[in-house]
Structure formats: C-alpha cells, structure tokens
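Novice:
6 protein chains.
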Amino acid sequence: MKRKVLYIEPVVSKIVDSLRAYLSQSKDIGTELEVISLAEGPRHLEYYSYGALVVPKILKIIKEAEKENFDAAIIGCFYDPGLRESREIAEKLVVTAPAETSMHIATTLGQRFSIIVGRTKWIPLMRENVIKYGFKDQLASFQSIDMGVLDLQIDSEETKRRIVQTAEKAIKKDGAEVIILGCTHQFGFYKKLQSILGVPVIDAALAAFNYAEFLVNLRNKHGWYFNKKNEYLSPTHEEIEDWKLSDLF
Amino acid sequence: MKRKVLYIEPVVSKIVDSLRAYLSQSKDIGTELEVISLAEGPRHLEYYSYGALVVPKILKIIKEAEKENFDAAIIGCFYDPGLRESREIAEKLVVTAPAETSMHIATTLGQRFSIIVGRTKWIPLMRENVIKYGFKDQLASFQSIDMGVLDLQIDSEETKRRIVQTAEKAIKKDGAEVIILGCTHQFGFYKKLQSILGVPVIDAALAAFNYAEFLVNLRNKHGWYFNKKNEYLSPTHEEIEDWKLSDLF
Amino acid sequence: MKRKVLYIEPVVSKIVDSLRAYLSQSKDIGTELEVISLAEGPRHLEYYSYGALVVPKILKIIKEAEKENFDAAIIGCFYDPGLRESREIAEKLVVTAPAETSMHIATTLGQRFSIIVGRTKWIPLMRENVIKYGFKDQLASFQSIDMGVLDLQIDSEETKRRIVQTAEKAIKKDGAEVIILGCTHQFGFYKKLQSILGVPVIDAALAAFNYAEFLVNLRNKHGWYFNKKNEYLSPTHEEIEDWKLSDLF
Amino acid sequence: MKRKVLYIEPVVSKIVDSLRAYLSQSKDIGTELEVISLAEGPRHLEYYSYGALVVPKILKIIKEAEKENFDAAIIGCFYDPGLRESREIAEKLVVTAPAETSMHIATTLGQRFSIIVGRTKWIPLMRENVIKYGFKDQLASFQSIDMGVLDLQIDSEETKRRIVQTAEKAIKKDGAEVIILGCTHQFGFYKKLQSILGVPVIDAALAAFNYAEFLVNLRNKHGWYFNKKNEYLSPTHEEIEDWKLSDLF
Amino acid sequence: MKRKVLYIEPVVSKIVDSLRAYLSQSKDIGTELEVISLAEGPRHLEYYSYGALVVPKILKIIKEAEKENFDAAIIGCFYDPGLRESREIAEKLVVTAPAETSMHIATTLGQRFSIIVGRTKWIPLMRENVIKYGFKDQLASFQSIDMGVLDLQIDSEETKRRIVQTAEKAIKKDGAEVIILGCTHQFGFYKKLQSILGVPVIDAALAAFNYAEFLVNLRNKHGWYFNKKNEYLSPTHEEIEDWKLSDLF
Amino acid sequence: MKRKVLYIEPVVSKIVDSLRAYLSQSKDIGTELEVISLAEGPRHLEYYSYGALVVPKILKIIKEAEKENFDAAIIGCFYDPGLRESREIAEKLVVTAPAETSMHIATTLGQRFSIIVGRTKWIPLMRENVIKYGFKDQLASFQSIDMGVLDLQIDSEETKRRIVQTAEKAIKKDGAEVIILGCTHQFGFYKKLQSILGVPVIDAALAAFNYAEFLVNLRNKHGWYFNKKNEYLSPTHEEIEDWKLSDLF
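Residue numbers (our numbering), protein chains in the order written: chain A, 1 to 249; chain B, 1 to 249; chain C, 1 to 249; chain D, 1 to 249; chain E, 1 to 249; chain F, 1 to 249.
1. Within 8 Å, do at least three Cβ pairs link the segment 236 to 247 of chain E to the segment 35 to 44 of chain F?
2. What are the residues that DSSP puts in a beta bridge with Phe113 (chain C)?
3. Please list the segments of the alpha helix (DSSP H) lying wholly inside the segment 156 to 214 of chain A, counting only runs of 4 or more residues, in order along the chain.
4. Grab the span of the alpha helix (DSSP H) containing Ala72 (chain D) for me, first residue to last.
5. Just to confirm before moving on: does the CB-CB distance between Phe226 (chain A) and Arg87 (chain A) stay below 8 Å?
6. To the nearest angstrom, how far is it from the Cα of Asp17 (chain A) to the Cα of Gly223 (chain E)?
7. Figure out for me which residue from D:Met126, D:Ala170, D:Arg84, D:Phe214 has the closest Cα to the Cα of Ala99 (chain D).
8. Since Val178 (chain C) meets chain B, which of its residues come closer than 7 Å, beta carbon to beta carbon?
9. Closer than 8 Å, CB to CB, is Gln111 (chain A) near chain F or not?
10. How is Glu91 (chain C) classed by DSSP in three states: helix, strand or coil?
11. Using a Cβ-Cβ distance under 8 Å, would Arg119 (chain A) count as near chain C?
12. Can you say whether Asp203 (chain A) is buried or exposed, counting buried as having 16 or more other CB atoms within 10 angstroms of its CB?
13. Are there 16 or more other CB atoms within 10 angstroms of the CB of Ser49 (chain A), so buried, or fewer, so exposed?
14. For Gln252 (chain D), which residues from the same chain have a beta carbon less than 6 Å from its beta carbon, with the 5 sequence-adjacent residues on both sides left out?
15. How long is the line joining the alpha carbons of Glu32 (chain E) and Pro56 (chain E), rounded to whole angstroms?
16. Tell me the DSSP secondary structure of Thr107 (chain E) in three-state form.
17. For Thr120 (chain C), write down the residues that DSSP places opposite it in a beta bridge.
18. If the criterion is Cβ atoms closer than 8 Å, does the pair Ile179 (chain A) and Ile105 (chain A) meet it?
19. Of all the CB atoms in chain B, is at least one closer than 8 Å to the CB of Gly175 (chain E)?
20. List the whole-angstrom C-beta distance separating Gln111 (chain C) from Gln143 (chain C), where the pair is believed to meet the contact cut-off of C-beta under 8 Å.
21. Using a C-beta cutoff of 8 Å, does Pro124 (chain F) count as contacting chain E?
22. Are there three or more Cβ pairs, one per stretch, closer than 8 Å when the segment 72 to 79 of chain F is compared with the segment 3 to 21 of chain F?
23. Ala140 (chain C): buried (16+ other C-beta within 10 angstroms of its C-beta) or exposed?
24. Can you say whether Gly198 (chain E) is buried or exposed, counting buried as having 16 or more other CB atoms within 10 angstroms of its CB?
25. Do you know how far the Cα of Gln194 (chain A) is from the Cα of Ile145 (chain B)?
26. Nearest-angstrom Cα distance between Ile61 (chain C) and Ala52 (chain C)?
27. Hey, would you say Tyr47 (chain C) sits closer than 8 Å to Pro81 (chain D), going by beta carbons?
28. On a Cα-Cα basis, can you pick out the residue from F:Thr108, F:Ile15, F:Leu233, F:Ala21 that is closest to Pro200 (chain F)?
29. Would you mind stating whether Ala176 (chain F) and Ser102 (chain F) have Cβ atoms separated by less than 8 Å?
30. Can you give the beta carbon distance from Phe214 (chain B) to Leu23 (chain B), rounded, assuming they're within the 8 Å contact cut?
31. Given a cut-off of 8 Å on the beta-carbon distance, is the pair Leu83 (chain D) and Ala97 (chain D) in contact?
32. Going by the DSSP bridge assignment, what does Arg3 (chain E) pair with across the sheet?
33. Indicate whether Thr166 (chain E) and Phe189 (chain E) have their beta-carbon atoms separated by less than 8 Å.
34. Can you tell me where the alpha helix (DSSP H) with Gly148 (chain C) in it begins and where it stops?
35. I need the straight-line Cα distance from Lys229 (chain D) to Ala212 (chain F), nearest angstrom please.
36. Do Gly76 (chain D) and Phe135 (chain F) come within 8 Å of each other at the CB atom, strictly closer than that value?
Below is the structure:
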C-alpha cells in the first residue's frame, strides 16, 4: 500500500534536509515522504501571532497537497497551528500535528505525561491545547528548560543536559510516567533520553509522522476519516469562488 | 475620560453603518466609536478556515489601531478569532471579543447559560472556547435555530420566533438562567427577547463593546492590563524587522 | 448618568474613612460613593461562623439601600458573604463582591491566577468559592503570607515584602499570570506590587467597586440584571409579612 | 454506648412531633433523640436569604447543644444551611446535614444519583452543594415535581405520584442508579417508592440522622473528628468575648 | 517488518473463525494473526464478575504469548478486562483493548463521540473506563439498543436497524461527531452504518487490532513502550516463584 | 441487632490474628467478626496483576459468606480489588473496601485529603480509584514513604517516622486537611499519628470495617442496598449453571 506524506515545517527553516533524513528512518513500507518549509515568514512560532500568520500559508499548502494526491500532511509545530482549519478544508487528506498525536500515544503508554517546553511563555497556549484535546487530567506538569526554539540545536549536549534534569523532576516530583518533548526542534534527542530516564520519551515530530501513516491506513481500510458532515464540514466551492477566497488560501 | 474604541467586523459586511448606529446608543460618556469591516475576504466566519484567513487582517488592523491611539478594539465575531494573537501584539490597546465577554457577564447574572447558535456546525469550535475560557460547568446547553449567519437579518420575525422557541427549551429543559445570542449578527433582538423570556439575554456585540470600555477604565485607573511578561509577551521589533514580518501583519 | 453606590465593610471597622478616600479616587463620572461598616459584630471574617453572623445584617443593609435608591452595593469581604442572598432579595439593586469580580477580571487578563491569602485557614472557603464561580481550572495556587486580617495594615512594609515574596513563588513555581490579593484589607498595595512583579495585581476592593459600576451601566443600558425568575427569585412580600421576617432582615 | 442526638428543624414547624416519632424508629441502641424547631423565622427555606436568616439561630443551638453534652446535631434542611459554620464552632459535637450525607450514602450504593426537588428554584443552590461536596460527576440529574415545601405533606398520594413519575424519568432517561429525595419534608415516602422503583431511594432526614450516629461512633472509637487545626479551627473565646459576639450566636 | 499478533476472544466463543477472517482483511503487510478463545468460562462478559473470572486466564495467555514471541495481544472485549494487568506482566509484548483504542481514534476524528451499548447495564463500567482513559468531556452519550451480546449476531438486520436509530439520536440530540460500537460482537456492521449515517463509525475490534499493529511499529522503531519503571513495573520472577503464583497465571 | 461481618485479607497472610484482635476493639454491639486470609496466592497486592489473581478467590469467599448468612464482607486491601464484582454477585450481603470508605469518611471531616502510599508504583491505580469514586478534586496529594507492604510492620518506629514526615509535607505543602493511610497494613499507627499531626488520620482497615457495620444498619433499617436492578444486577443462576461457572467462583 502506497502512502504519499507531506511534512510541513510551517516556518522558514534551514533544517528541512536533516528533518527529511531523520523522519525517513521511521517510514513504513510504502510511504513516500516530502518535507517542505515556508519561503517567507517567521523562523519559529513561539508567539500566538506568528502561528496565526502562517496558518493561511499552511492552508494553501494543504489544498495544494490534496490536489497532488498526497494522503497525509503533518503540520510540524507543537502548537498544532491550523490543525482544525486544515481538517475542515481537506476532503480526503489526513492531517495530523505533533501535540495531539503525542498525547494520544503518551496516554496509551502510561497514566500521566509531562511536557518539556523551551520557555514558560509556551505554556499557556500548550495548556489550552492539552485541555482542548481532553488530556487535562493526564497532564502531570510542564517543565521548562529555558531555551528558545532556535537555540535547541546549537549546543546539543547542553540541551540534552537540561532536558534530562527537568524530565527527572517531572518524573520524581510530578509523577510523570511518560515525557513528551514539546517542540519538534527537540528532534533527535529522544532515544538517548529514553535510555537515561528509563521511561518513554515521545519525539513529537515522529509521533505526528507515524500517526499520520496510521490514520491513512485506517482511512484506506475502514473509511475512518474526520467527520465531514458537521464539525469539519468544508466550505462550498461556490462561496470560495464568489468571494474570491482562493487568493487567500 | 476619553476613550477611542474600534469595532472590527472581521468580514466583508454591509451592516457597518447599522452596527455603528446600534452600538452608539450604548456608548459611555467619552467614548468615540469607529466601526470598520474588511475590504476583501469571507462574508461570514462559519468555518474554522474562514476564521484563520481573516486573523492576519485583524492583526494588521490591531497594529494600525494602536498607532492611531485607539484605546480598545473589539473583534466582532462570536468565535473570537485572533483574540489571543491580538492581545499578544498589543502594547497598550485593550482587545475584547464577544464570546469571552458574554460569558463573563452571563455568569455574573445567573448560574448557567445557554448559547443560541445558528447551525450545529458552530458548536464544536464554540464549545472549545467555552472550555478555554473556563466556563464548561456553567454551560447549560447549545441550542440551534438552524439558520446561517447571512439569514439572520433577512426575516427578523422568523429569526426572533426561532430564538424564542429554542431559548425556552434551554430555560425549561436545560436549566439555563441566562441566554447568550451566539452570533454578533443576532444584534438588535435581545431587548424584545428579554421581555418575552423574562431572563437576561446577552447581545454579544454589546457585551464585547461595553466590556472593552470597562477594561479601558481599569487600565487607565489601575494599570490592569494583559500579562505582557509571559502569556501575552510581544514579539521583539528586531525579529519582526529581520524576518520581514511587517508585510504579513 | 448618575450612580449611587454603597460599599459595605461587613465588619466593625476603623478604616471606613480611608477606604472611602481610597475608592473615591477610582470613581467613574457620575458615581456617588458611600462607605459604611457595621455597628456591632466581628472585626474580621476569618471564620465561616463570623461570616454567617453578619449576613443578616448585610441583608438588612441591602434592603435599606434599595429603598434609598442606591444603584449598587458592594459586600466588601473576599469571602463574598451573603452575595447570593443579597441578589435574591434585591429587586433592581446591583450587588457585587470582591472574589467573584476579581476572578472575572483576572481571567480576562491572563490564563491563570494565584490568590494571596493571609492564613491557610482561609483557603478551604475560598477554594469553594473559586469552584462555585467556575474558575477551578484557572486557579494556579493559593499562597499564604501568614498574617491575620487585622495585621495587614500595621507594618505595611512587612506586608508588602511578604506579598512580593509569595507572589513571586506563585508566578515562577505555579505559573500564575495574574495575582489576586485575597483580602480587601490588602488594599493600597497593588500598584507598587504591580510595578515590582510586572504582572497584573488585582486589588479586590477596587475590582468589586468598578465591576459594580459596570453592572449598573449594563442594567441601565440593556436591562441586564440577575435572573429574577428562578435562581434569584425574591421571596414574596406576603410571606415576609405573615412570618414577621422583616425584623430579621 | 450512649449517644445524645439533636435534630434541628431549622424553621418554624408543626411537624416536630411526627418527625421525632419517624426518626425514632431508626435509632441505634443507645441513641437518645431530641427534635427541636425554631421559635420564630421562616417556615421553609426555599430561598437563599431564608437560609441565611436562620444560620445564626442554628449556631446558637449548636453552642447550646455542645454545652448540654449532645454528641451530635443534625441540621434538618437539604440546603445544609450553616453546616460549615457549625462544624467550625463545634468543639467535640458532630454535625451533619441531609444533602452531604445522602450523597455519600448514595454514591456507595450506585454510580450516579438523581435528586428529586420541589421546584426548579432549588436547583442552583443544590447544584452548588453537589459540586462543593465533590459529587458533580455522580449527579445524573435534578428532576422537579413542581411543588413547594409546604405542599409536600398535604396530599401525600399526589406527592408520591409525582415523585414516582419524575424518578422513573431520572432512572430511564438520565441513568440514575439511586434516587435522593431532595427535601427533608419528603420524609416517610421512601420505602413505598423503593418498592415501586426497585432502586435505592434515600430519605434525606434519615440519612443525616444515621450518619450522625455513625460519625459519633467513629469519633468515640478512633478520635476521627473534623479538622480543627485549620479548616474548622474555632474562633478564640477571647475574640468572641471582646467583640461581644456571644449575643449574636 | 513482521508482526505476530494474537487476538484473544476472552470468552467461550463460536465466532473465532469468522473473527479471524474478518480481522484478516485489515492486516498490515507483515502481520500474522492468530485468534483464540477460552476453553471454559462465560460466553459473554456483560457482568463485572464474569470479567474478573476471565482475567487470570487472559494473563496466562499473555504470558504464553510473550514466550511464543508474539509482538502484540488484543483483549477482545469492550470492557477492556485485564488491560492494565496484562501490560504490567508483559515485558515487550504490546497489549491493546477495544475501548481504549476506539476512544483514541474517535477523538482524533471528531470532537465528541457516543457509544452504542447493548444494555444499560453495561453503562456504569464503560463510563468508568471512559473517565479512566481521560475522555469524559468528549463523551457525548451512551445510547442503548436493548439487546444482549449473544443476540447481536442473530438477526443482523434488526441489530443494524436499532443501531442506526440510536446512532441518529446520538448525532442529532447529543451532538456526537463519531459513533463507537461498544461491543466487539457488533463487528461487521460499521461500513454499512457509516454510509447510512455519514459520520465515522468505529468498529471496536478493528480499532484494537490496527492500533496494536501501530504500537508494535512504534515500539520497534522508537522503543516506545509502556512505562515499565513505575506504573507497569512487572512483579519479580523470584516472588512469583517463591509464592508459587505461576499456577495462577 | 446482630451483625455477622467477615474481614477478608485477600492475600496469604500471617497477621490474621493480630488483625482480628485489632478490629475487634472497634466492633459495634452485636457485631460478630471473622477474619480470614487466602490459602494460596500472593502475600501483597502491590501489582495490578496480583490483584486480578485474587479476585476470583474473593468472589468465591463472597458467595460462601452469603450462604453462611454473613451480613457484610470487607475486602481488606486499599486497591479495593473485586469491590464492584462482589457487589454484583451479592444478593443481600453488604460489601465494602478500604479506599472507598476512607475517602467518604475523610471528605466528611475536611475538604481535602492526602494518601500516604508505600511506593510510587501504587499511585496510578490508586489515582484511578480516587477518580472512579468521584474524589478527584478533594485529593490534595499522594505522598510516598518508599517502603513495600511487607516492610511496614517490621520496624514500626521507622515506619511511623516516615509517615509523620510525609504527612507533614502533605499538610503544609499540599493543603491536606485529612490524612489517609493508603495501606491496610499501616494499621495500628493512626492514633499516635493523629496526636502528633493534629489532624484526622484515617486507618483504612477500620474505616472499611465500621462503614460495613453502618451499611448493614442502613440495609436493615431502610432497605438501602446496592442498586441490583441495573449497575449491580447479578448474573442469572441458569447461566452460571449452564456454563459451569460455579467452579470458577
């Protein structure tokens, strides 16, 4: 069974190639992976407003991806920007995002999880997402390593050191059974961390990617797909035409 | 005390004039009101994706409003699109929106409220907002009148009839003590409804407008303003410059 | 627009004059403020039972205030004693109280708040109120400064020092975006604290006072008032007469 | 083991004798029961404000009961007026009330319960109590029989008929496993109802009475008594003396 | 990648062959499927106690499966009997069950789901599981078709008719965006139902089976596996030996 | 009134005699107490799986106890293994267990409780029970003394020292008003602890025992018993016969 999957780095990014290489190691048989980033816009989404700026661009990509017969698209930021919107305009394309998928996987592996964030600034929006997805009572804590997105891959030893330290606090003090790395740019660290900490450590980019493959399988086998009758009902083509919205997304 | 207030109809709209006239009747002494709508884009925001398309436009307006020394801006759609984002980029501008403010007022007037929606399609996003703002346990129910946004002001008698009918169900069956009209385009109906139903009926546009005036007062008198140190910390001007984001918002 | 507002210190109190002066600085145009305290009874309400003792006295005052054409009454204690009861017997008088209003304002300014209390003894009742008003998930924490009500204004430097210290814990450790001063006798401190802490600090007496003015405006403009049909339905005058309850309140 | 128990009808009441006879049938060996009502005040507590009026009278009785070496006092109204306050001033006296105890018993007998109320007006305060005691998620529903407190014992056949009808709705439609009669004046009906409905039907007056006996046993055997160190810490005698509060309660 | 998967019908069952055929249509490439049932015991698990009786038998099978190098085991009953216990004794075997997996999938496809049950008797235990897995706020409703487990496959037209009827109620009245068939013996119906209802309909047996394949992939690729350090820490072999527990499971 | 009560140590145990002596000091007049343990099986239930192994044995005992006209049975482990199942097969026998009863008593004595556990491994299952019984919001915290079940009675001074230390943390840091000893093998300590800590300390074995006596009284006096019509409906004797389940329990 073939699967065409698109991973969207929803920022201007220099790590597209390394991300592609990284994710490709985890492909299922039959998966073709493409990774793209934005041509212009912010380089990280640490702000609510940066997230909002890129959503129309994400929607454009989603529409394009659907035309090009992709089976799935992943929105590669732990804020899950544009996830609801993308599912709404999608017609048969599966759309996933890191936070939602990480939490589903984490709560299957243990009762409660902690999310390691870069800065405390990230927490309010992430907490809203935790609650939105229904995992409020499974959230053990947020723990911050006090680093911005763009710093995470600079001194990877220091990053790892801080994650270990905060994750241990989450495990001992907050009762976390699973650790989620709350930024897709913390990719590459989880295996080492897992062996140090002895508990599952979820890499959010991988979670979103493999969950996308899984949902494509479910769609193909069983027709399980987003509710398109009410919650994710698409806007009509007439309206989009009439109001000239196609320039906008 | 003077207050410059901007009401944003975040759609392409023909009712700007009637809205301005309507809201002006409720101004506090000292309030100057301006009402604007979008030059291009959707005419309603019944879809997640339409909401996302207009947020960058809202942010542009917010930034402009701040430069022009407005004291407050209201985002005039019951989905509260771009509320968090606007508060983040605002530096001293107060920003409010209909859903959040209606719920704060409603829960002060009675224990539980019901929201009258146009279509059931609106409910999932509105429920997420109810939960996000913390009012989950005060929500008695959603009740749908089965009409789209653009139909609401066509046959106002029919609209009123349906609202009365569903609101009575909300009161008797669901235990609502307060009714919220879940669309700013249901404006103008509340007084009549209130006298028929005998319970408070919140007009969401008025709620957002008067709450904005209230928050400006609190800001001016006490310096109470959004947390700008963490949750609503603004992006730096350097970053916006460097990444050429100013074209985007 | 004129507004007659009564602030009730629901204890025997020596600070009526300083409170009047303090609150008067924050009046809206058109507000006439009166501040009264009790002739006999407790000097603080740190106990459930003290609160219960003063509620009949508060109700008497509420009834009197209504007869004297006050527009609003504020029950000036952070336990909000008699709030429900007062709204029930009120016929057109707006009644507010510090805890309820502080939490509404706080959750508009940031995602989560902490309440600074005098003693841990206060927490159980205040937590019940937080839950009753629906703000359980927005409560970051209670933090105690270990001082009784009557000590708060004795050595104001020490009081301030302790509030700063505990508020900083609330911000850093508990993730509070807004600080609420959980006693009306902590009045006068908030501005200084706000500049030290860099986050909004809600003075509960001011919150209740200005929210009362706001609700009077909403009542006058829109007829928005407590649900008097069910939840706050008043007892009948016949019953009160027949059972000679008028001596009791 | 002897137990002196006082049942307080916290209203002016004509049913003291029938209540005493009724409750006496359920006494444990060793229990001495006294039933009293108020000399003046309201005849029912259907209003928040009526409840508040009688609390100081209840507190006076509680203090008196303690002096007369009662072991337990029951506050005989399903609103549980003055429960927290009474426990605070009590020093070794056990205090119980119908709503709290009924819910504890009900949730031991089945997963979810419904409360049969007289009027919908009662629901908001009772819901607050359900939440306060922590049983929000076990509440299947409130169902109203549309009768005032004073009507309940007039035509007992009609009362029974309506309770059966609403209880059946609660069982079938709302999934109630246990029925609670939400008024102590619905006493005497439960056994018949139980045999008709086939599910446990909790008489709130009996629940409070027998739970009081149980808590006295636990106090005597194990020293288990209300937390008097923090939550229910009593006011000091000095303060009560100094402020002449003893006249008040 | 090869995967050996064991589906356990945890009852005495005549449908093992048809289940195997049914599930096999949905296998991933590389999956080998075995289906077994119990040699003795109950034929359905509609009772708490029947569930408890079969758990030791399930645990025996789990241990055996691990020895035989299975990669995953599915416990084929919507009560998820023995799920926690199996994960605890498993060392590298993935264990899934229908309720948990169905809810994870359902909440990815739409905001709220309803569960179609056979009898109302099933609801209390299933609600406990919904809450245990954290999906309380996403549960729209339970709807009962009033049929026992063993009746479901007798007159399949009648079963389908009833499911359609109750599912439509769940969608229209309760706001369900996704339907979960709350019994693995409702297998085979979902596709037809899906086309009638127009919303995703989750077959719980397939959900558990495909989720098991997914988790095996995650385990193999990333080492993501149940927390074996604390929550699912296995008992020591010494203890099992010493206490002769191996006869028991 | 006579009451035959059976306390089941659901493990292989050497402390049956000391437990009997201990519990007997707290008997009500008329109670006959028997204490039994298992002939084979685990010696503690620190694992999910050990609990599952003993449930069928517990059910056998429950059935036997009912035949022998016991009035109540207590399942003596703080995990409450087999509680639901036992109530389902019971026909008139009252069944209680330590966790459920401790939490009911604790929440009557104070707002929030902490549970002192032996190891952090116990917490996930206990938290599930706290949530299942509805006491999530009254749980202040779990605190671990880092000792296994079988160590608790070895060096009782050390055990007590650790409990005091962690309980004080629970009181001061987590705001616990009541302490629950989360293991029936912590029996005997509570009185001393209570006098040191100054707050109620619940011995879980005693709680379950005395609550059982209480429920027998309620059953005898009022017919209040588990809902046997739906939630705890017993399996039919025919089915048990036909399927030869009587060997299993």
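No residue lacks a Cβ here, since even glycine has one placed at the ideal position from N, Cα and C.
Specialist: The short version:
1. The segment 35 to 44 of chain F, when compared against the segment 236 to 247 of chain E, does touch it at the 8 Å Cβ threshold.
2. For Phe113 (chain C), which the question treats as bridged, DSSP gives the partners C:Leu139, C:Val178.
3. Here the runs fully enclosed are 156 to 172, 190 to 197.
4. From DSSP, Ala72 (chain D) is part of no alpha helix (DSSP H) but of the beta strand (DSSP E) over 72 to 75.
5. At a Cβ-Cβ threshold of 8 Å, Phe226 (chain A) and Arg87 (chain A) count as neighbours.
6. About 24 Å.
7. When each option's Cα is compared against that of Ala99 (chain D), the closest is D:Met126.
8. The answer, in chain order, is Asn227.
9. Yes, Gln111 (chain A) counts as interfacial toward chain F.
10. Coil.
11. No, no contact with chain C.
12. By the beta-carbon neighbour count (other beta carbons within 10 angstroms, threshold 16), Asp203 (chain A) is buried.
13. The residue is buried, with at least 16 neighbouring Cβ atoms inside 10 Å.
14. Given that chain D is displayed from residue 1 to residue 249, the structure contains no residue 252 (chain D) and the question cannot be resolved.
15. Roughly 25 Å separates the two Cα atoms.
16. In this structure, Thr107 (chain E) counts as helix in the three-state DSSP scheme.
17. Note: Thr120 (chain C) sits in no beta bridge, so no partner.
18. For Ile179 (chain A) and Ile105 (chain A), no; Cβs fall outside 8 Å.
19. Cβ-Cβ to chain B under 8 Å: yes for Gly175 (chain E).
20. Between Gln143 (chain C) and Gln111 (chain C) the Cβ distance is about 17 Å, and since that is not below 8 Å, they are no contact.
21. Output row for Pro124 (chain F): interface = yes.
22. Under the Cβ criterion (8 Å, minimum of three pairs), the segment 72 to 79 of chain F counts as touching the segment 3 to 21 of chain F.
23. Looking at its Cβ environment, which holds 16 or more other Cβ atoms inside 10 Å, Ala140 (chain C) is buried.
24. So Gly198 (chain E) ends up on the exposed side.
25. Here the C-alpha atom of Ile145 (chain B) lies approximately 53 Å from the C-alpha atom of Gln194 (chain A).
26. Roughly 15 Å separates the two Cα atoms.
27. No.
28. The shortest C-alpha separation from Pro200 (chain F) is found at F:Thr108.
29. In terms of Cβ geometry, Ala176 (chain F) and Ser102 (chain F) do not form a close pair [threshold 8 Å].
30. The C-beta distance from Phe214 (chain B) to Leu23 (chain B) rounds to 15 Å, too long to fall under 8 Å, and the pair is not in contact.
31. With contacts defined by Cβ atoms closer than 8 Å, Leu83 (chain D) and Ala97 (chain D) form a contacting pair.
32. Listed as beta-bridge partners of Arg3 (chain E) by DSSP are E:Thr31.
33. Not closer than 8 Å, so no.
34. No alpha helix (DSSP H) holds Gly148 (chain C); DSSP gives it neither H nor E.
35. Between Lys229 (chain D) and Ala212 (chain F), the C-alpha separation is close to 29 Å.
36. No, Cβ-Cβ distance for Phe135 (chain F) and Gly76 (chain D) is not below 8 Å.
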